[in-house]
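Residue numbers (this note's numbering), protein chains in the order written: chain Z, 40 to 445; chain F, 40 to 445.
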């Protein structure tokens with residue numbers, strides 16, 4: 040007998056009919072004799088409806104009250120799913136986050152899980168029931184309802200799987216797995232059977248929004264085998280797990296890209312110790328996150344400093360940098376929000392040389408100018424003109440033979 | 040500094056605009072320096088929407104899951120009202136029933152309150168905050184969410200007022216108080232400034248649906264001064280309280296009526312000990328509640344036995360009684376669902392003779408035949424043909440001078 044945690048997102052439980060379909064899927068697994076915990080999100084549209092009501096009342100809704108409000112969305116779904124299961128003869132029992140004591144800190148709307156008490160869930164599982172738990176929510180030590188932030192239901196599922204030492208955590212979603220790249224950009228993109236946590240983290244952080252990044256981190260930390268698969272079609276999806284021998288042959292697992300960034304450069308900065316913090320300090324003070332950072336030393340003992348920020352923060356960051364430029368006596372600021380970041384990701388590059396040069400040569404062959412490079416142990420990212428996005432992705436997909444199974 | 044519990048029903052919080060209006064009313068009271076606890080229902084229509092969803096999934100929804108589901112309605116309202124209060128500068132803090140530890144038994148959908156912990160509410164009141172509590176809900180000892188049944192928010196308000204030893208519990212509703220009778224039947228009906236708990240209980244049990252009967256019982260038991268008043272207009276409403284000297288002059292406080300009953304008679308029953316239980320036992324076994332019961336001994340040592348049931352149970356009760364009739368060798372069953380019960384209610388009749396004869400004479404003068412009579416210490420009920428309802432109510436209203444202040 041195995042123990043599985045299933046997670047269904049808002050689209051999968053978006054109507055009475057879909058909730059019934061989820062119940063059938065869960066019953067099938069339960070009938071095989073396995074223990075099943077199901078984590079669900081609010082019905083699609085419900086969270087936005089509730090936030091809309093809140094904003095009609097208070098422009099900046101009180102965070103504690105907002106959590107009190109939106110947490111009702113998942114509570115509705117767990118009750119309805121438990122009824123749907125009971126209705127087809129599958130015994131079920133629902134819980135709010137607070138009832139299974141998903142204890143979090145008190146950071147309303149973006150709380151972090153501290154502990155989970157598996158006692159009540161175990162008792163119901165041992166009675167042969169399917170346990171249905173509201174995703175996205177918990178309680179703090181004072182019993183105030185908290186939420187984990189958007190996409191937090193994935194985190195709930197992984198955290199429950201860790202607490203229950205589940206055999207696998209299955210995230211049912213509207214895609215049927217993790218792809219070598221976005222199929223809307225490269226129709227030859229191929230679904231991966233497996234990917235490592237680290238690769239998945241890089242893919243997620245680079246804009247492949249299959250899973251919430253925190254849930255992947257959590258799964259990696261607690262060694263929870265995570266599977267992404269479709270609610271609507273059959274198939275095994277993609278298993279996210281630790282490296283194993285099967286993977287060694289794959290050099291590159293996928294190509295991620297991110298259209299949300301903008302690039303800022305300050306040139307001719309007198310090169311003294313502490314210059315980086317003088318440039319980035321004011322940006323951090325504005326609560327703007329910086330992604331890539333590159334610094335070059337020029338010949339004349341000045342330095343050029345380039346970094347990227349989210350496009351939403353572009354104008355504020357640019358204004359701040361212009362002030363810094365004047366203060367430091369630097370030459371000038373250049374800014375560009377027509378860029379895109381393209382990355383190749385794969386644990387295979389650790390043990391294989393020449394990956395970077397293949398990447399750069401491929402882009403050069405297509406006449407694509409690289410504006411920025413940044414590397415980590417398992418990824419190489421380049422910034423190019425936005426207009427080259429599709430071309431770059433397809434060229435790299437072909438160069439690394441991602442359309443062929445490893 | 041006084042402590043008040045306010046309760047607003049679903050119509051009073053039925054839209055964003057109405058929630059804002061409630062917030063203004065609450066703020067005004069808070070600004071006077073009093074401590075305020077507000078109990079709210081779900082926004083009007085919401086509970087029915089949720090029950091509709093449940094029934095689309097399961098014809099007879101699982102009671103525990105139904106409570107999990109519908110309790111979200113009040114949770115939404117408390118969050119929105121707390122936001123509305125904060126938005127106009129009135130500090131507020133919301134609680135679910137479970138969070139203030141409204142502990143109930145485990146009878147889902149009709150739970151009874153066992154205890155309330157006032158500790159968290161007191162702490163917030165002492166911080167100068169308005170405390171907003173979800174009506175209608177609690178938790179059992181296992182932390183399962185329970186609900187108190189329809190209208191349970193009134194009960195929540197009274198129970199909180201008792202636990203907090205509030206100076207008064209104010210029930211804001213869509214009527215502006217308790218009337219001598221239904222103004223739709225007798226336009227001369229007059230709002231009462233005061234009424235006793237016992238009278239209110241009789242009025243409520245006889246079909247005057249201003250307050251849920253349990254909340255009045257609760258208020259009487261714990262001596263909570265209860266006031267019914269309008270959410271939408273100004274005015275002091277009706278205070279429901281213990282008898283006091285002011286009331287002694289009033290003979291009759293009001294005239295209640297009930298259109299929901301039907302009458303069943305079994306005649307020619309051999310009169311032996313235990314015959315009543317032989318007749319009513321099978322009715323009770325069908326879970327049918329019996330209201331009025333009258334038994335007459337006929338001359339021939341048989342008895343006639345008459346009782347009333349809710350019209351919804353009429354056909355089932357009739358079929359059962361016909362079986363009993365054959366078993367007992369009784370003469371026949373007669374049945375009538377075109378009846379109405381009209382009652383006069385008043386603590387004054389305890390100390391005044393002649394009330395009953397005035398009632399019967401008044402009805403006789405109008406040519407209204409009385410089919411059944413039943414009395415208690417503070418009420419006299421008669422069953423008459425349904426077509427005489429309005430006539431009977433108006434004649435009695437005039438005979439007891441209810442259109443004139445006492």
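Beta carbons: idealized from backbone N, C-alpha and C, even for Gly. Being a predicted model, the structure only gives us computed values, none of them experimental.
Tell me whether the beta-carbon of residue i lies closer than 9 Å to the beta-carbon of residue j.
i, j, result
"residue 386 of chain F", "residue 256 of chain F", "no"
"residue 150 of chain Z", "residue 195 of chain Z", "no"
"residue 136 of chain F", "residue 176 of chain F", "yes"
"residue 81 of chain F", "residue 116 of chain F", "yes"
"residue 304 of chain F", "residue 374 of chain F", "yes"
"residue 188 of chain F", "residue 148 of chain F", "yes"
"residue 214 of chain Z", "residue 294 of chain Z", "no"
"residue 254 of chain Z", "residue 206 of chain Z", "no"
"residue 55 of chain Z", "residue 209 of chain Z", "no"
"residue 342 of chain Z", "residue 351 of chain Z", "no"
"residue 157 of chain F", "residue 179 of chain F", "no"
"residue 332 of chain Z", "residue 349 of chain Z", "no"
"residue 68 of chain Z", "residue 127 of chain Z", "no"
"residue 221 of chain F", "residue 296 of chain F", "yes"
"residue 376 of chain Z", "residue 301 of chain Z", "yes"
"residue 262 of chain F", "residue 268 of chain F", "no"
"residue 125 of chain F", "residue 104 of chain Z", "yes"
"residue 291 of chain Z", "residue 439 of chain Z", "yes"
"residue 251 of chain Z", "residue 191 of chain Z", "yes"
"residue 79 of chain Z", "residue 170 of chain Z", "no"
"residue 139 of chain F", "residue 107 of chain F", "no"
"residue 202 of chain F", "residue 258 of chain F", "no"
Which same chain residues, not among the five before or five after residue i, have their C-beta less than 6 Å away from its C-beta?
i, result
"residue 286 of chain F", "Confidence is the limiting factor: at residue 286 of chain F the pLDDT is only 48, short of 50, which leaves the residue's position unreliable, though a coordinate-based value still follows. Excluding residues within five positions, none has a Cβ falling inside 6 Å."
"residue 173 of chain F", "113, 114, 117, 135, 136"
"residue 142 of chain Z", "153, 154"
"residue 41 of chain F", "73, 206"
Use the C-beta contact count for residue i: other C-beta atoms within 10 angstroms, 16 or more gives buried, fewer gives exposed.
i, result
"residue 211 of chain Z", "buried"
"residue 435 of chain Z", "buried"
"residue 122 of chain F", "buried"
"residue 443 of chain Z", "exposed"
"residue 24 of chain F", "Beyond the ends of chain F as shown, which are 40 and 445, falls residue 24 of chain F; an answer cannot be given."
"residue 233 of chain Z", "buried"
"residue 325 of chain Z", "exposed"
"residue 339 of chain F", "exposed"
"residue 389 of chain F", "exposed"
"residue 239 of chain Z", "buried"
"residue 57 of chain Z", "buried"
"residue 380 of chain F", "buried"
"residue 400 of chain Z", "exposed"
"residue 363 of chain F", "buried"
"residue 163 of chain Z", "buried"
"residue 49 of chain Z", "buried"
"residue 266 of chain Z", "buried"
Near residue i, which residues of its chain fall below 7 Å by C-beta distance, leaving aside the five closest residues on each side in sequence?
i, result
"residue 90 of chain Z", "109"
"residue 427 of chain Z", "407"
"residue 416 of chain F", "389"
Residues in its own chain within less than 8 Å of residue i by CB, not counting five upstream and five downstream?
i, result
"residue 168 of chain F", "130, 131, 132"
"residue 357 of chain Z", "303, 372, 374"
"residue 224 of chain F", "296, 428, 429, 432, 433"
"residue 94 of chain F", "100"
Query raised in the report: Touch check for the region 387 to 396 of chain Z and the region 310 to 325 of chain Z: three-plus C-beta pairs under 8 Å?
Result: no
Query raised in the report: Which parts of the region 304 to 384 of chain F are runs of the alpha helix (DSSP H), unbroken and 4 residues or longer, counting only runs that do not cross its ends?
Result: 314 to 324, 353 to 367
Report task. Decide yes or no for the touch test of the region 93 to 103 of chain Z against the region 72 to 81 of chain F: beta carbon pairs closer than 8 Å, at least 3 of them. Result -> no
Query raised in the report: If we count Cβ pairs, one from each stretch, closer than 8 Å, do we get three or more for the region 420 to 429 of chain Z versus the region 358 to 372 of chain Z?
Result: no
Query raised in the report: What are the complete alpha helix (DSSP H) segments, minimum 4 residues, inside the region 232 to 284 of chain F?
Result: 236 to 244, 252 to 260
Query raised in the report: At which residue ranges does the region 92 to 145 of chain F contain complete alpha helix (DSSP H) runs of 4 or more residues, listed in the order of the chain?
Result: 102 to 126
Query raised in the report: Taking only runs of the beta strand (DSSP E) that begin and end inside the region 136 to 219 of chain Z, which ones reach a length of at least 3 residues, in chain order?
Result: 141 to 143, 152 to 155, 169 to 173, 176 to 178, 184 to 186, 207 to 212
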